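**Q** Residue numbers for the sequence shown follow the numbering used here, so the first one is 206 and each next one is one higher.
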Amino acid sequence: MSEKKILIESESPVCPVQALVEQTDEAVYFYLFFYTKPENERIKFCWVCNRKLAPPVLDPNLMQAGKAPLMPAPYVLHKLSGIQLKPEALEIVWFEEGDGAALLENGSLLAVIPAWGGMKDFHGYAKYASGTGPFAWEMRQAEKTLLDRVNQARDFWAFLEQDDFWAQVQDYHSDVLEGFFGAHTQYYAIDNDKFPPRAIMEGEKDGIVYGCTLGVSLFRQPVIEMYDEAPEQHRRIEFGFAAEKACSDVKMQAYQCASALAGAMHEEQIFFAHGHSNTWDGIEGFHAFLLVNTRALPQITDAPVYPPFRDDPVNLIWLVPVTKAEYDYLVENGADALLACAKDVSRLHIYDGQPKFELP
């Protein structure tokens, strides 16, 4: 029986993901265990090195016997007889999104499982992999980019270890929000006293009540780089809700939705962007929230504007209540088609108790 030994393990600071490096008699593998909803639990893995002589071709008998397979010789860069790792030299660094990680040995990259690891035939990158092996791909071409991301992540986690990091984040948001609507009138914690800290700051301006989250943009959104050609433009967001004061009694429903979306982002490894929607029956006469990005609709000028955070733009995503008919139209025709039906785009984000769209 092959003896298994865990060389190092680590928990993601923000996602329900555990990383560990497991050594058997045959090989060393890097694993990410995703503990989300039971139906979505999954494991990602990446080969690190062989500890025995590399076979000329893949040996299916090892996998059938429940053993970690050896990487075939054509895909191995280290000596074919195998190598040994020193556990004390190993380190795991989580990327800023919290759903991908890198394994290092004495500061040098050994293996990386990015967010897109586990898709199709790609599991991750490994220092000792050659070409597109069955359990890891060659790292050489991607190494500089990956190392840059590791260094950025180190800097980010170091920032979060500062005693006053949350005070710095609060000051950043206070400058933006109070610069827009004046002194805030309410402040709601929405983190349930758990990390990461998040809140909603509320204020009034010209008869409009505004509530915006603060702290959501502290972390990059997970998985967005798998779907967005320019993820750096959209990976940091905050949620906002605006309502005429006479209609602002519904604000807590919007705040609850914003809090739920903020929590789901890393808990379930999903992202939110302009045109997305979320069903929510808490507001009478309405069925869902349409997510509207101020930066995507320049007609909306009555909104806070954020300076970059860690060199990324911060996107303010408004929660716009939509009726069941509007939601059905959105599902069938897409967000662009629904937005084209807006009565007044400049006030689309301000709830007044009335539907915002004239459907054909």
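A virtual CB, placed ideally from N, CA and C, is assigned to each residue, including glycine. It should be emphasised that the depicted structure is a prediction, and the values quoted were computed from it without experimental measurement.
(1) Spatial neighbours of Q391 within its chain, please: C-beta separation below 6 Å, excluding the five flanking residues on both sides.
(2) Return the residue from the list E208, L237 and V298 that minimises the CA-CA distance to P221.
(3) One question on the structure: do F385 and A508 come within less than 9 Å of each other, judged by their Cβ atoms?
(4) Excluding the 5 residues preceding and the 5 following G490 in the sequence, name in chain order all residues of the same chain whose CB lies nearer than 7 Å to its CB.
(5) Just to confirm before moving on: does the CB-CB distance between T573 and A463 stay below 9 Å?
(6) Skipping 5 residues on each side, what residues in its chain have a beta carbon closer than 8 Å to that of E214?
(7) Provide the residue span of the beta strand (DSSP E) that contains T418, from first to last.
(8) Run through DSSP, which three-state label would P526 get?
(9) At 3 residues or longer, and completely inside the stretch 457–543: list those beta strand (DSSP E) runs for me, N to C.
(10) Starting from W321, follow the beta strand (DSSP E) in both directions and report where the run begins and ends.
(11) CA-CA distance, F340 and L314?
(12) Rounded to whole angstroms, what's the CA-CA distance from G487 to L535? Just pull it up for me.
(13) Check Y234 in the structure and name its three-state DSSP category.
(14) When the Cα of G420 is compared with those of D380, Q375, F446 and C452, which residue comes out closest?
(15) Shortest alpha-carbon distance to L212 belongs to which of N498, Y532 and F235?
(16) Let's see if you can read the secondary structure: which residues bound the beta strand (DSSP E) around R247?
(17) Are the CB atoms of V253 and A347 within a distance shorter than 9 Å?
(18) Tell me the residue span of the alpha helix (DSSP H) that contains K349.
(19) For K209 and E231, what's the separation of their Cα atoms in angstroms?
(20) Can you tell me which of the three DSSP states K450 falls into?
(21) In three-state terms, what does DSSP make of Q177?
(22) DSSP state of G649, grouped into three classes?
(23) From F364 to I442, what does the alpha carbon distance come to, in whole angstroms?
(24) With distance defined between alpha-carbon atoms, name the residue in V262, Y532, Q289 and W371 nearest to Q228.
(25) Cβ of A493 within 9 Å of Cβ of N483?
(26) Give the secondary structure of L225 by DSSP, where H, G and I count as helix, E and B as strand, and everything else as coil.
(27) With a threshold of 7 Å on Cβ separation, who are the neighbours of F476 within its own chain once the five nearest residues in sequence on each side are excluded?
(28) What does the alpha-carbon distance come out to for the pair P260 and P274?
(29) For P503, does the count of other Cβ atoms within 10 angstroms reach 16, so buried, or fall short, so exposed?
(30) DSSP has E296 in a bridge; who is on the other side?
(31) With 16 other CB atoms within 10 Å as the buried threshold, where does V510 fall?
(32) Using the rule of at least 16 other Cβ atoms within 10 Å of the residue's Cβ for burial, across every protein chain shown, is I248 buried or exposed?
(33) Between which two residues does the beta strand (DSSP E) holding E216 run?
(34) Ends of the beta strand (DSSP E) at E409?
(35) Have a look at L308 and A316 and give me their C-alpha separation to the nearest angstrom.
(36) Let me confirm a value: T337 is counted as buried when at least 16 other C-beta atoms fall within 10 Å, else exposed. Which label applies?
**A** Taking the coordinates as given:
(1) E407
(2) L237
(3) yes
(4) T528
(5) Nothing about residue 573 can be read from this structure; the chain reaches only from 206 to 565.
(6) Q223, A224, L225, V226 and I297
(7) I413 to L419
(8) The answer is strand: DSSP assigns P526 an E or B state.
(9) Runs found: 482–484, 493–498 and 520–527.
(10) First-last for W321: undefined, no H or E at that position.
(11) 17 Å
(12) 19 Å
(13) Assigned with DSSP and collapsed to three states, Y234 falls in strand.
(14) Q375
(15) F235
(16) R247 to N255
(17) no
(18) E348 to L365
(19) 10 Å
(20) Note: K450 maps to helix in three-state DSSP.
(21) The displayed coordinates of the chain run from 206 to 565. Any statement about residue 177 would go beyond what the structure contains.
(22) Since the first residue of the chain shown is 206 and the last is 565, residue 649 is not available in this structure.
(23) 19 Å
(24) Q289
(25) yes
(26) Assignment of L225 by DSSP, reduced to helix, strand and coil, places it in the strand class.
(27) Q426, P427, V428, I429 and M470
(28) C-alpha of P260 to C-alpha of P274: approximately 10 Å in a straight line.
(29) exposed
(30) L309
(31) exposed
(32) I248 should be labelled exposed.
(33) K210 to E216
(34) A404 to K410
(35) 5 Å
(36) exposed
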